[in-house]
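Report on one structure; see the data block that follows.
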Amino acid sequence: MARYPEQPAHEVIDIRRVGKVTKGGKRLRFRVVVVAGDGAGQVGVGVGKSVEIPQAVQQAIRDAMKHLVTVSVQNGTIPHEVRGQFGAAKVLLRPAYPGTGVIAGRTVGAVCRIAGVRDILTKALRSTNPLNLARATLDGFRQIEGAEMVAARRGKTVAEIMEVEDAETR
Numbered sequence: 000m001a002r003y004p005e006q007p008a009h010e011v012i013d014i015r016r017v018g019k020v021t022k023g024g025k026r027l028r029f030r031v032v033v034v035a036g037d038g039a040g041q042v043g044v045g046v047g048k049s050v051e052i053p054q055a056v057q058q059a060i061r062d063a064m065k066h067l068v069t070v071s072v073q074n075g076t077i078p079h080e081v082r083g084q085f086g087a088a089k090v091l092l093r094p095a096y097p098g099t100g101v102i103a104g105r106t107v108g109a110v111c112r113i114a115g116v117r118d119i120l121t122k123a124l125r126s127t128n129p130l131n132l133a134r135a136t137l138d139g140f141r142q143i144e145g146a147e148m149v150a151a152r153r154g155k156t157v158a159e160i161m162e163v164e165d166a167e168t169r
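As structure tokens, then:
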């Protein structure tokens with residue numbers, strides 16, 4: 000297993016006070032959703048719960064680092080359009096030209112920035128729940144296929160695949 004830095008790049012995307020009703024009354028805790036990664040193509044979303052917010056954040060960071068997804072980033076953007084879904088949340092992710100920036104809402108933008116994507120166009124569809132949007136974005140990132148994967152699947156070389164794509168864009 001790869002070693003990760005003690006404190007990876009992370010961003011808190013949601014803090015909610017949640018409660019459990021017991022015989023003795025309500026037990027209140029905080030649920031924190033964090034996106035963490037290395038800023039170079041690896042990103043994960045984690046959830047932590049605790050009575051104290053800082054403890055919940057640390058727990059969420061550890062959870063995010065356990066569930067990392069590798070993102071295929073080419074020239075600061077993704078290679079092709081994808082749609083991610085988790086629960087009722089859907090996300091549309093489109094590649095963008097250099098200099099465009101991260102055009103996204105708060106949650107999806109945080110996931111893209113931590114993943115190391117510099118130029119991307121996104122649209123959150125249906126549910127706007129931050130946890131489900133973050134997980135839908137990761138689902139979209141999982142669906143991305145790089146040129147190497149497409150070439151292997153088709154039994155061709157990367158050069159042949161890139162020639163076909165260049166001819167299609169003309």
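Residue numbering for the sequence shown follows numbering that gives the first Met the number 0, beginning at 0 and increasing consecutively. Where a beta carbon is used, it is the ideal one built from N, C-alpha and C, also for glycine. Computed from a prediction, not measured in an experiment: that's the story for all the values here.
Tell me residue 9's beta-bridge partners as DSSP assigns them.
35
Helix or strand or just coil, what does DSSP make of residue 95?
coil
On the criterion of 16 or more Cβ atoms from any shown chain inside 10 Å, does residue 73 qualify as buried, or is it exposed?
Per the 10 Å Cβ criterion, exposed.
Alpha carbons only, please: which of 41, 62, 101 and 129 is nearest the one belonging to residue 13?
Nearest of 41, 62, 101 and 129 to residue 13, Cα basis: 129.
From the DSSP output, in three-state form, read off residue 77 for me.
Residue state for residue 77 is assigned as coil, using DSSP reduced to three classes.
First and last residue of the alpha helix (DSSP H) that includes residue 110?
105-114
Which residues in the same chain have their Cβ closer than 8 angstroms to the Cβ of residue 8, if we skip the five residues on either side of it in sequence?
35, 36, 37, 38 and 113
When burial is assigned at 16 or more other CB atoms within 10 Å of the CB, is residue 154 buried or exposed?
exposed
At which residues does the beta strand (DSSP E) containing residue 156 begin and terminate?
For residue 156, there is no enclosing beta strand (DSSP E), since its DSSP letter is neither H nor E.
Give me the residue from 18, 90 and 81 with the minimum Cα distance to residue 106.
90
State buried or exposed for residue 136, treating a residue as buried only when at least 16 other CB atoms are found within 10 Å of its CB.
A buried status is given to residue 136, since no fewer than 16 other beta-carbon atoms sit within 10 Å of its beta-carbon.
Please report the straight-line C-alpha distance between residue 61 and residue 45, rounded to a whole angstrom.
Rounded to whole angstroms, the gap between the alpha carbons of residue 61 and residue 45 is 7 angstroms.
Using a 10 Å radius around the Cβ and a threshold of 16 neighbouring Cβ atoms, would you call residue 32 buried or exposed?
buried
In angstroms, rounded to a whole number, what distance separates the CA positions of residue 41 and residue 109?
Computed Cα separation, rounded: 13 angstroms.
Starting from residue 171, follow its DSSP beta bridges and name the residues at the other end.
Since the displayed the chain opens at 0 and closes at 169, residue 171 lies outside it and no answer follows.
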